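Colleague:
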Amino acid sequence: ILNVEQSPQSLHVQEGDSTNFTCGFPSSNFYALHWYRWETAKSPEALFVMTLNGDEKKKGRISATLNTKEGYSYLYIKGSQPEDSATYLCAFINTDKLIFGTGTRLQVFP
Amino acid sequence: ETGVTQSPTHLIKTRGQQVTLRCSSQSGHNTVSWYQQALGQGPQFIFQYYREEENGRGNFPPRFSGLQFPNYSSELNVNALELDDSALYLCASSFDREEKLFFGSGTQLSVL
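Here it is in structure tokens:
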């Protein structure tokens, strides 16, 4: 059974703090790793699509790294803002399946 | 550019009934996938269609079935509904199976 593990499950930080989350996935039959942000009452929105070992992606204050050999990805948020409050999901794609983790719920307090 | 739209937004059914959920893909997308989101879990992959053919399936029983039409819109059918089928059902489309997903706002299904 393929499993995608995200940690921590939830995180509460102060505005201005930097934070990071982990996504662990199987290291075999890797195709791609996605990160999504899911705000309450909205649809999940893609942040990054990562395909190559060593990939680093950046979008504003958010960045992500990928290690396919050891099966993990990190998502970093620099200087968290209240609008970053959301659930962050990673999804592992192999030959015929797309598997989401359970997400990290981030709450940023002003 | 139109987004992904799902209908209906909410639905209440009783155990044993059948349900059809609909999804209209974003323009130009040939891949659609369906997910079940239960409380406290990440979206669970049900299946994916690429150019009208199923090309991936999660751990869901055969009573979960789907279709993708020539215009790339899609249906999810669930037969013999069970109480545990109560969940948010999300549809997502993409240009290809590895590309980022564009999600609809979901259909909230309640089975009583």
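Each protein sequence line maps, in turn, to chains A and B.
Numbering (our numbering) for the first sequence: 199 to 308.
Numbering (our numbering) for the second sequence: 321 to 432.
Even glycine gets a Cβ: it sits at the ideal position worked out from N, Cα and C.
Being a predicted model, the structure only gives us computed values, none of them experimental.
#1: Hey, how far is the Cα of residue 223 of chain A from the Cα of residue 269 of chain A?
#2: If we ignore side chains and look at the alpha-carbon of each, how far apart do residue 220 of chain A and residue 423 of chain B end up?
#3: Following the continuous beta strand (DSSP E) through residue 286 of chain A, name the residue where it begins and the one where it ends.
#4: I'd like to know whether the C-beta atoms of residue 275 of chain A and residue 218 of chain A end up nearer to each other than 9 Å.
#5: Compare the Cα-Cα distances from residue 206 of chain A to each of A:286, A:292, A:290 and report the closest residue.
#6: Secondary structure at residue 421 of chain B, three-state DSSP: helix, strand or coil?
#7: For my contact list, residue 266 of chain A and residue 272 of chain A are in at a C-beta cut-off of 8 Å; report their separation, rounded to the angstrom.
#8: What residues from chain A crowd round residue 375 of chain B, counting only those whose CB sits closer than 9 Å?
#9: Below 7 Å CB to CB, which residues in the same chain sit around residue 414 of chain B once its five sequence neighbours on both sides are set aside?
#10: Note the first and the last residue of the continuous beta strand (DSSP E) segment covering residue 223 of chain A.
#11: In angstroms with no decimal places, state the Cα-to-Cα distance between residue 333 of chain B and residue 260 of chain A.
#12: Would you list, in chain order, the members of the stretch 344-368 of chain B that have their beta-carbon closer than 8 Å to a beta-carbon of chain A?
#13: Is residue 258 of chain A buried or exposed, if buried means 16 or more other CB atoms sit within 10 Å of its CB?
#14: Identify whether residue 237 of chain A lies in helix, strand or coil by the three-state DSSP scheme.
#15: Do you know offhand how far residue 428 of chain B's Cα is from residue 379 of chain B's?
#16: Mapping the DSSP letters down to three states, classify residue 373 of chain B as helix, strand or coil.
Modeller: Inspection of the coordinates gives the following:
#1: Counted from its first residue, the first sequence places residue 223 of chain A at position 25. Counted from its first residue, the first sequence places residue 269 of chain A at position 71. Rounded to whole angstroms, residue 223 of chain A to residue 269 of chain A spans 5 Å at the Cα level.
#2: Locating residue 220 of chain A in the first sequence gives position 22, where the first residue counts as 1. Locating residue 423 of chain B in the second sequence gives position 103, where the first residue counts as 1. Going by the C-alpha atoms only, they are around 23 Å apart.
#3: In the first sequence, the residue the question calls residue 286 of chain A occupies position 88. Per DSSP, the continuous beta strand (DSSP E) segment holding residue 286 of chain A begins and ends at 284-291.
#4: On the first sequence, residue 275 of chain A is found 77 positions in, with the first residue counted as 1. On the first sequence, residue 218 of chain A is found 20 positions in, with the first residue counted as 1. Contact: yes.
#5: Taking the first sequence and counting its residues from 1, one reaches residue 206 of chain A at position 8. Nearest option by C-alpha distance: A:286.
#6: On the second sequence, residue 421 of chain B is found 101 positions in, with the first residue counted as 1. Coil, per DSSP.
#7: If you number the first sequence from 1, residue 266 of chain A lands on position 68. If you number the first sequence from 1, residue 272 of chain A lands on position 74. Wrong, their Cβ atoms sit about 13 Å apart, outside the cutoff.
#8: Here residue 375 of chain B is taken as the residue at index 55 of the second sequence, counted from 1. Chain A residues near residue 375 of chain B: 294.
#9: Here residue 414 of chain B refers to the residue found at position 94 when the second sequence is read from its first residue. These residues qualify, in order along the chain: 349, 351, 420, 421, 422.
#10: The residue you call residue 223 of chain A lines up with position 25 of the first sequence. Unbroken run through residue 223 of chain A: none, as it is neither H nor E.
#11: Start at 1 with the first residue of the second sequence, and residue 333 of chain B comes out as number 13. Start at 1 with the first residue of the first sequence, and residue 260 of chain A comes out as number 62. Cα-Cα distance, rounded: 41 Å.
#12: Hits within the stretch, in order: 353, 355, 360, 361, 362, 363, 364, 365, 368.
#13: Here residue 258 of chain A refers to the residue found at position 60 when the first sequence is read from its first residue. The Cβ neighbour count for residue 258 of chain A, taken over all protein chains shown within 10 Å, is under 16; the residue is labelled exposed.
#14: In the first sequence, the residue the question calls residue 237 of chain A occupies position 39. Coil at residue 237 of chain A, not helix or strand.
#15: Indexing the second sequence from 1 puts residue 428 of chain B at position 108. Indexing the second sequence from 1 puts residue 379 of chain B at position 59. Cα-Cα distance, rounded: 20 Å.
#16: Counting from one through the second sequence, the residue named residue 373 of chain B turns up at place 53. Looking at residue 373 of chain B - three-state DSSP - the assignment turns out to be strand.
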